[in-house]
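Q: Residue numbers (the working numbering): 2 to 319.
Every residue gets a Cβ at the ideal spot worked out from N, C-alpha and C, and that includes glycine.
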Amino acid sequence: MMKNGKLLVPFAVISLLSLSTTGSSSRCRSVRGFVLHYYICEGFTSTRDFALIDPTRVRRDTYFVLKDSSLDYLPSTAFARTKMSVLEISNVSLTTYADPRPNSSSPFEPVKNSLRKFILNKQQKPPENWDLLGSVGTLETLKLQKIEELNLTSDFNKLPRGIHEIQIEEASIDRVDQDWVSKLSSLRAICVKRTTLKTITRSMLPTSALKLAAIDLTENKLSSLPDDLTSNMPALKILDVSFNEISTLHEGTLAPVKRNGGFANTMGNPLICDCGLAFLLAYPRSWYNSCYDRESLESIPIESLTEQDLCGGARHSV
Numbered sequence: 002m003m004k005n006g007k008l009l010v011p012f013a014v015i016s017l018l019s020l021s022t023t024g025s026s027s028r029c030r031s032v033r034g035f036v037l038h039y040y041i042c043e044g045f046t047s048t049r050d051f052a053l054i055d056p057t058r059v060r061r062d063t064y065f066v067l068k069d070s071s072l073d074y075l076p077s078t079a080f081a082r083t084k085m086s087v088l089e090i091s092n093v094s095l096t097t098y099a100d101p102r103p104n105s106s107s108p109f110e111p112v113k114n115s116l117r118k119f120i121l122n123k124q125q126k127p128p129e130n131w132d133l134l135g136s137v138g139t140l141e142t143l144k145l146q147k148i149e150e151l152n153l154t155s156d157f158n159k160l161p162r163g164i165h166e167i168q169i170e171e172a173s174i175d176r177v178d179q180d181w182v183s184k185l186s187s188l189r190a191i192c193v194k195r196t197t198l199k200t201i202t203r204s205m206l207p208t209s210a211l212k213l214a215a216i217d218l219t220e221n222k223l224s225s226l227p228d229d230l231t232s233n234m235p236a237l238k239i240l241d242v243s244f245n246e247i248s249t250l251h252e253g254t255l256a257p258v259k260r261n262g263g264f265a266n267t268m269g270n271p272l273i274c275d276c277g278l279a280f281l282l283a284y285p286r287s288w289y290n291s292c293y294d295r296e297s298l299e300s301i302p303i304e305s306l307t308e309q310d311l312c313g314g315a316r317h318s319v
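Encoded structure:
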């Protein structure tokens with residue numbers, strides 16, 4: 002918004018940006034946004050600090066942020082009597098996410114009928130067991146950003162079966178299970194980008210993927226894609242594998258996206274101009290596919306090549 006030639010930043014944005022200080026005393030405050038109501042708590046060093054939360058200010062339209070804190074665990078009563086729709090835990094040191102006391106329930110149990118999005122940001126690790134969110138039937142989106150130690154294990158299958166989207170960004174990934182989210186048949190979008198992921202297989206994705214419409218694997222360490230990666234995905238419209246280390250593609254991987262009238266992004270990969278890519282000559286020009294000449298290492302738009310160029314040994318002259 003402009004006024005007298007000056008840019009005016011919305012108050013809610015200014016307030017959120019100003020809440021990144023550390024070392025301050027424990028506090029919670031409320032900030033009114035244009036769409037959501039923000040409730041920010043910071044500086045927590047004891048489970049007793051959760052008593053600072055005013056449940057009357059944490060309603061269904063609330064984006065709740067717990068940040069810049071150091072705790073042993075999240076008590077089962079941490080979010081008691083609240084009804085937030087978004088919960089973000091950011092830069093919070095936790096020994097464990099679960100309440101270790103006998104007969105304690107999940108700390109997310111109180112918001113099982115309101116929480117739609119759960120975000121972990123700048124955390125050393127995620128919860129030890131995703132079953133902690135298992136009872137949150139309203140959960141639609143899980144976002145993990147800047148996680149230092151993240152494993153794509155089959156434990157993700159303990160997330161609510163109705164979850165729609167998993168977003169993972171800027172994470173260091175070590176262990177990968179072959180049945181990572183195989184049981185989450187309601188997933189519509191899977192995003193794993195700017196991570197150390199080196200391999201992806203069809204078995205890692207939902208076995209029943211009738212609703213899966215988007216797969217984003219941008220800026221990882223992938224060197225290849227399996228031929229059957231997108232098999233049995235009738236709703237798939239977007240496949241983004243840009244800026245990886247992929248040197249060739251299989252038609253079986255991209256054909257379902259083309260058949261569904263979708264879009265595949267392969268930019269930024271060291272694809273080699275050879276007969277293996279000839280099938281792309283029949284694919285939409287809007288996909289902007291390009292490959293590298295094996296000898297000159299020049300990037301060449303595939304649409305400017307012919308099958309003879311790719312398969313007959315004739316080099317394309319630029």
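(1) Excluding five sequence neighbours on each side, which residues of the same chain lie with their C-beta closer than 6 Å to the C-beta of Asp55?
(2) Relative to the C-alpha of Ser224, which candidate in Ala236, Asn233, Thr200 and Arg60 has its C-alpha closest?
(3) In chain order, what residues of the same chain lie with their CB nearer than 8 Å to the CB of Met205, ignoring the 5 residues before and after it?
(4) Just to check my reading of the structure: Phe119 and Leu143 have Cβ atoms closer than 8 Å, yes? What is that Cβ distance to the nearest angstrom?
(5) Measure the C-alpha to C-alpha separation of Glu246 and Thr83 and round it to an integer number of angstroms.
(6) Beta carbon of Leu237, beta carbon of Pro257: below 8 Å?
(7) Keeping to the same chain, check which residues put their C-beta closer than 8 Å to that of Ser1; ignore five residues upstream and five downstream.
(8) Quick one: grab the DSSP three-state call for Asn270.
(9) With DSSP collapsed to three states, give me the class of Arg61.
(10) Which residues share a DSSP beta bridge with Pro302?
(11) Would you tell me roughly how many angstroms separate the C-alpha atoms of Glu43 and Val93, rounded to the nearest one?
(12) Below 6 Å CB to CB, which residues in the same chain sit around Leu226 once its five sequence neighbours on both sides are set aside?
(13) Ends of the alpha helix (DSSP H) at Arg1?
(14) Secondary structure at Val32, three-state DSSP: helix, strand or coil?
(15) By alpha-carbon positions, which one of Pro271, Thr267 and Asn122 ends up nearest to Trp288?
(16) Can you look up Ala279 in the DSSP assignment and give me helix, strand or coil?
(17) Enumerate in chain order the residues of its own chain whose CB-to-CB distance from Leu134 is below 7 Å, with the five nearest sequence positions on each side excluded.
(18) So, Pro111 versus Phe65, is the Cβ gap smaller than 8 Å?
(19) Checking 8 Å against the spacing of the C-beta atoms, do Arg30 and Ile41 come in under that value?
(20) State the CB to CB distance for the pair Gln168 and Glu149, rounded to an integer number of angstroms; the pair is presumed to be in contact (CB under 8 Å).
(21) Give the straight-line distance between the Cα atoms of Thr23 and Thr249, rounded to the nearest whole angstrom.
(22) Comparing alpha-carbon positions, which option in Arg60, Phe45 and Asp50 lies nearest Val36?
(23) Mapping the DSSP letters down to three states, classify Arg286 as helix, strand or coil.
(24) If you run the structure through DSSP and keep just helix, strand and coil, what is Asp55?
(25) Output the distance between the C-alpha atoms of Gln309 and Leu188, rounded to the nearest integer angstrom.
A: Taking the definition as stated:
(1) For the purposes of this step, residue 55 is taken as the residue at position 54 of the sequence shown. Contacts found: none.
(2) Within the sequence shown, the letter at position 223 stands for residue 224. The residue from Ala236, Asn233, Thr200 and Arg60 with its alpha-carbon nearest to that of Ser224 is Thr200.
(3) As a first step, residue 205 must be located in the sequence shown, where it is residue number 204. Leu153, Val177, Asp178, Gln179, Asp180, Trp181, Val182 and Ser183, listed in sequence order.
(4) As a working note, residue 119 is residue 118 in the sequence shown. As a working note, residue 143 is residue 142 in the sequence shown. Right, the Cβ-Cβ distance comes to about 5 Å (below 8 Å), so this counts as a contact.
(5) Sequence index remark: in the sequence shown, residue 246 carries index 245 (1-based). Sequence index remark: in the sequence shown, residue 83 carries index 82 (1-based). Glu246 and Thr83 have their C-alpha atoms spaced approximately 46 Å apart.
(6) The residue labelled residue 237 in the question sits at position 236 within the sequence shown. The residue labelled residue 257 in the question sits at position 256 within the sequence shown. Pro257 sits close to Leu237, with the two beta carbons spaced by under 8 Å.
(7) What is shown of the chain runs 2 to 319, which leaves residue 1 out entirely.
(8) The sequence position of residue 270 within the sequence shown is 269, counting from 1. It is coil, neither helix nor strand.
(9) Start at 1 with the first residue of the sequence shown, and residue 61 comes out as number 60. Coil.
(10) Against the sequence shown, residue 302 aligns to sequence position 301. For Pro302, which the question treats as bridged, DSSP gives the partners Ser291.
(11) Counted from its first residue, the sequence shown places residue 43 at position 42. Counted from its first residue, the sequence shown places residue 93 at position 92. Their Cα atoms are separated by approximately 9 Å.
(12) For the purposes of this step, residue 226 is taken as the residue at position 225 of the sequence shown. Cβ neighbours of Leu226 beyond the five flanking positions: Thr254.
(13) Given a span of 2 to 319 for the chain in the structure shown, any question on residue 1 remains unanswerable.
(14) By one-based count along the sequence shown, residue 32 stands at place 31. When secondary structure is reduced to three states using DSSP, Val32 falls in the strand class.
(15) On the sequence shown, residue 288 is found 287 positions in, with the first residue counted as 1. The shortest CA-to-CA distance from Trp288 to any of Pro271, Thr267 and Asn122 is the one to Thr267.
(16) Numbered from its first residue, the sequence shown carries residue 279 at position 278. In the structure shown, Ala279 sits in a helix (DSSP, three-state: H, G or I).
(17) In the sequence shown, the residue the question calls residue 134 occupies position 133. Closer than 7 Å at Cβ, skipping near neighbours: Phe109, Phe119, Leu140, Leu160 and Pro161.
(18) For the purposes of this step, residue 111 is taken as residue 110 along the sequence shown, with counting starting at 1. For the purposes of this step, residue 65 is taken as residue 64 along the sequence shown, with counting starting at 1. Contact flag unset, no.
(19) As a first step, residue 30 is located in the sequence shown; it is residue number 29 there, counting from the start. As a first step, residue 41 is located in the sequence shown; it is residue number 40 there, counting from the start. Yes, these two residues count as a Cβ contact at 8 Å.
(20) As a first step, residue 168 must be located in the sequence shown, where it is residue number 167. As a first step, residue 149 must be located in the sequence shown, where it is residue number 148. Incorrect: roughly 17 Å between the Cβ atoms, too far for contact.
(21) Within the sequence shown, the letter at position 22 stands for residue 23. Within the sequence shown, the letter at position 248 stands for residue 249. Note that Thr23 has pLDDT 37, beneath the 50 cutoff, so the model's placement of it is unreliable and no number is given.
(22) As a first step, residue 36 is located in the sequence shown; it is residue number 35 there, counting from the start. The option with the nearest alpha carbon to Val36 is Arg60.
(23) Numbered from its first residue, the sequence shown carries residue 286 at position 285. Helix.
(24) Here residue 55 refers to the residue found at position 54 of the sequence shown. In the three-state scheme derived from DSSP, where H, G and I count as helix and E and B as strand, Asp55 is classed as coil.
(25) Here residue 309 corresponds to residue number 308 of the sequence shown, with the count starting at 1. Here residue 188 corresponds to residue number 187 of the sequence shown, with the count starting at 1. Going by the C-alpha atoms only, they are around 42 Å apart.
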